[in-house]
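Numbered by my numbering, the letters in the sequence shown go through residues 29 to 914 in order.
Using N, Cα and C, we set each Cβ at its ideal position, and we do this for glycine too.
Quick caveat, the model's predicted, so the values are computed rather than measured.
A quick write-up on the structure given underneath.
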Amino acid sequence: MNKFILFLFLFIISKVLFAQQNLKGNISLEDSGTPNAVHVVLKNAENRDQILSFTQTNAEGKYQFDLSKILSNKQVSIIIIEVYKVNYIKQEKELNLKDTEQHIQVDFHLASLIQLEPIIITADKKPVRVKNDTVSYNAESYKDGTERVVEDLLRKLPGIDVDEQGRIKYKGKHIERVLLQGDDLFNYNYTIGTKNISVDIIDEVEAIENWSENPLLKKIENSKSVVLNLKLKKGLSDVSLFGYGGYGIKDRVDSGLNLLSVAQKNKNFSTLSYNNLGENRSPYAIYESGFSEQDYLFYKFRSDLLIHEMMGSNQLSTERNNSNQQWFASMNHIANVSKKFALRFNLNYVDDFYRKMDRDNTDYFLDGQPIQNNFEESISQKKPQIYQGDVLAKIKFNDRSLTEISTNFNASESVFSNQTLSNRSSSFNSILESKPELWVNELKHTYKMNDTNALQFSAIYAKHEATQNNSIDIGLDIHSDEIFENGYTLQEIAQQKETFQFSSKFLSSDKNENKLEIEGVFNFNKESLHSNLLTDNSLISKNDMILKMMEFTLSVKKAYDFKRWKLIPALQAKNFMIENEDFLLNKTLDKNQFFLAPSLSLHYQLASRLKVFLNLNYNEVAPESRNLFNDWIMQSHRYFKQNQPNLAFRKTLMTTLGYTYYNLRKQEKFVVGLARYSNANNPSTQSYISENFVLNEQFNLSAKNKNYSAHVELEKYLHIFRSTFKLSGNYLFSEYNNVVNNSQLRLNQSNQWKAELGLKTAFNFPFNFSNNLKWNQINFSSSQDFTNSNSLISNNFKLIFKKDIWSANLGFDYYHNDIRSKQPIYFLDSEVKFRPKQKSWSFALISKNLLNMKYYESTNVTDYYIHQMRQSLNPRYILLKMDFRL
């Protein structure tokens, strides 16, 4: 028995000793120094902050570890052996415990650190740096000497696109803000900064994705916002003054002063400018027929103006065909009064006057047969004035509570006059006076319950008032289709809209960054319209209506993050109660509508820079007041509109599928997108085209129309050619219905193709060039087999020279609209700039339209007319300009 116990004890001891796994080794030093007291540390390879064991070598440079405890930890399979000693280069080796033998020998030889004299190496900044959600562009890497303001630089940065109005996109997403040194100084009117801040003071431009405007909601809300941040060069003083002044032939003037103040508690950017070059330095859509960023933001609080100024073609940039006299002033200030209180205010003022001459010829067709022809020559003048003031106060009661109080006021006055000669009457004059005002006030409170949950409450009151008076010194009688040359016609319109909105929102985020958002919104709108149309003091038509709309919305959105997969399902439950009262007809339309609006967004990250996505969205759009007035409104001396009021909701279903690849470091981009958009209950138009007038009556049609689009973009920098190539293409197919004169209901289709090919060189010698070729083709067809089409080709070439203190560029632009009949037009521009080193001033000689082109002819087509326009152009000028900094 005792022998058996002894045998069992020896057996167990032998097994333990045999199973024990050891790590040992020898460490030697390069300079034959004593290898004792060398530090040896074992770390977890998957978590290098976790130290598993440590020891020091003996006098002979030997070390040893017992790995039994480490092997018992199933979470450790690979270890790092780190060896270091003062004045020697640290070494480390990786060891897989699963593949090792019973006794492990790992030796090291440490090299000595040789003390050298310090060497300072100055390396050029990389053009693009990427860190998490932020991409940083080094401004100097993209300058070629042709830039003046920030907007010029942004147009050259990979991944960033800027449209003619100055609106910015990054990777296809609209930019919501442009920050200055991390602060939201300009609010939504960021073009004040991009159109006026000198590019010379910009060090970097940062593109920040998933930006949270509210710091308490960072990492809690599912933010998809994208902003740009302008980082200034180091060494700028707290207060800097920048200015420019230019004078040229025919009294051309371009001048301005910019004040920039960047201090610890205050930031300010103020600008005052005047130019008569046709350029728009303000953030407002004064010359264009499009919308500014502010228009998009506050659209739901406005009534649509019913009379629009005839702006003409926007195929050319505004400075080509607008002769203006624009004063623009702006002050933007942030004051961090204390850690708990901050104040921002933005004040803008615009005073402008511009003039243009047009010649229009419109041929109307029905089933390919001519109906009418209208020919006009006009001289137009517009004098707009805009006043805007925004104030935001932020009160931080503690680290979890933030209250924001904001008020936004915008008022404008515009006088648009026309002197017109028509083939239907003798010369006549018209004057349109528009005076819209908008006031929006918001109180918002955010409470951060903990690191993963937050509550937000908001209350908004907005009021919009607008008056429009359009007077014409001839009599127009749409009922008898007559024009009285000794008469007088007046259209008066008064609109008002009040909005009350209350909302509460719960936001949550879990440890896996899955995010939940639940929001309830109550919205009440009251909108009124009063109009009178008089001819020689006789009432022709009148509208007097009020639209009341009450909306309750409950929405739930959940964002799931499965590493490569991102899934965002959302559901909105909406209930509308609508009442439209026509006091003249003594008739009231009312409607209660409840519906569910689901949406789904699915993203799959194939690689770090490559993803595919699918978006599905269903919604129902409430009727708008512009489609509910019953009697005629004169929109111009020729066009009149009325509606057949209907409270039907427009039903929309949109599907988008896409593939995106962006490698900004290599300047590579590949984007493919497909979209399908269908809608029912569309507003359609019945047009009555007579000798003197076009009467458009809008009605609701339950038929479903479909739209399809396809988009592709390719951009690649080829180092062998030192050039960047760009290629893009778009296709759009759409359906719509209308009635022309006494025709049946017509199903019309439009097909539009766009293509663009660009090239820009970056040679390592003074001369470079860029070229951009565009082609646009549009075809209209109707159910009566009538087809109408038009095309546009343009090419923009620029030769660039830059060497030391001199830079120059020569631009040659080519436009050909309606290539079947119209003649092409050419523009030749140049600029030579002298900027001495270590100086704060520069001179430039600028020339525009050197070929002195007088007119631009363009053609627009639809399914039932061809409109040909000839616009006057700004004549040739040469201007000497000086920039300076104090």
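Exercise. In terms of alpha-carbon separation, which member of Phe611, Arg309, Thr581, Phe590 lies closest to Ala598?
Worked result: Thr581
Exercise. Taking C-alpha atoms, which residue in Arg693, Ser730, Gly701 lies nearest to Asn709?
Worked result: Ser730
For this session: Could you check which residue in Gln400, Ser737, Gln447 has the C-alpha nearest to that of His665?
Result: Gln447
Exercise. Looking at the C-beta of Leu785, does it have a partner C-beta in chain B at a distance below 8 Å?
Worked result: No chain B appears in the structure shown, which is made up of a single protein chain.
Problem set entry | Rounded C-alpha distance that separates Leu258 from Val281 | 29 Å
For this session: Specify, as a first and last residue, the run of the beta strand (DSSP E) that Ile511 falls within.
Result: 510 to 512
For this session: Inspect the beta-carbon positions of Pro412 and Ser440 and report whether they are closer than 8 Å.
Result: yes
Problem set entry | Classification of Leu288 by the beta-carbon crowding that lies within 10 angstroms, buried from 16 upward | buried
Exercise. Do the CB positions of Asn514 and Asn451 come within less than 8 Å of each other?
Worked result: no
Exercise. Smallest Cα separation from Leu681: which of Tyr736, Phe840, Val722?
Worked result: Tyr736
Exercise. Exposed or buried, what is Gln896 when buried is set at 16 or more other beta-carbons lying within 10 Å of its beta-carbon?
Worked result: buried
Problem set entry | Assigned exposure category for Ser537 - 16 Cβ within 10 Å defines buried | buried
For this session: Could you tell me if the beta carbon of Leu258 falls within a distance shorter than 7 Å of some heavy atom in the ligand GTP?
Result: Inclusion of the ligand GTP in the displayed structure is not the case, the ligand content being empty and no account of it being possible.
For this session: With DSSP collapsed to three states, give me the class of Thr713.
Result: strand
For this session: Taking only the alpha-carbon atoms, compute the straight-line gap between Lys278 and Gln899 and give it to the nearest angstrom.
Result: 20 Å
Problem set entry | Helix, strand or coil at Leu907 according to DSSP, with G and I counted as helix | strand
Exercise. Nearest to Pro651 by CA position, among Asn614, Glu579, Asn770, is which residue?
Worked result: Glu579
Exercise. Any idea what DSSP makes of Leu612, helix, strand or coil?
Worked result: coil
Exercise. Which value, in whole angstroms, describes the spacing of the CA atoms of Ile906 and Phe214?
Worked result: 33 Å
Problem set entry | For Gln519, the first and last residue of its enclosing beta strand (DSSP E) | 517 to 537
Exercise. Can you give the Cα-Cα distance for Asn720 and Thr890, rounded to whole angstroms?
Worked result: 20 Å
For this session: Look at the Cβ atom of Asn542, then the Cβ atom of Tyr588, and state whether they are nearer than 8 Å.
Result: yes
For this session: Decide if the stretch 879 to 887 is in contact with the stretch 848 to 858; the criterion is three or more beta carbon pairs, one per stretch, under 8 Å apart.
Result: yes
Exercise. What does a CB cutoff of less than 8 Å around Lys831 pick up in its chain, not counting 5 residues either side in sequence?
Worked result: Pro794
For this session: Count the other C-beta atoms from every protein chain shown that fall within 10 angstroms of the C-beta of Leu773, then say buried if there are 16 or more, exposed otherwise.
Result: exposed
Exercise. Per DSSP, what kind of secondary structure is Val177 in: helix, strand or coil?
Worked result: strand
For this session: Output the distance between the C-alpha atoms of Val468 and Asn551, rounded to the nearest integer angstrom.
Result: 14 Å
Problem set entry | Span of the beta strand (DSSP E), counted from its first residue to its last, around Ser918 | One cannot answer for residue 918 here, as it falls past the ends of the chain, which runs 29 to 914.
For this session: Could you tell me the distance, in whole angstroms, from the CA atom of Tyr392 to the CA atom of Leu300?
Result: 47 Å
Exercise. Are there three or more Cβ pairs, one per stretch, closer than 8 Å when the stretch 618 to 635 is compared with the stretch 655 to 669?
Worked result: no
Problem set entry | Euclidean distance between Cα positions of Tyr272 and Lys867 | 15 Å
Exercise. So what does DSSP say about Ser718, is it helix, strand or coil?
Worked result: coil
Problem set entry | Cβ-based burial, Asn845 [other Cβ within 10 Å; buried from 16] | buried
Exercise. By the 10 Å Cβ neighbour count, where 16 or more other Cβ atoms means buried, how is Val365 classified, buried or exposed?
Worked result: exposed
Exercise. Which same chain residues, not among the five before or five after Met577, have their C-beta less than 6 Å away from its C-beta?
Worked result: Asn553, Ile606
Problem set entry | Rounded separation between Lys865 and Leu449 - CA only | 57 Å
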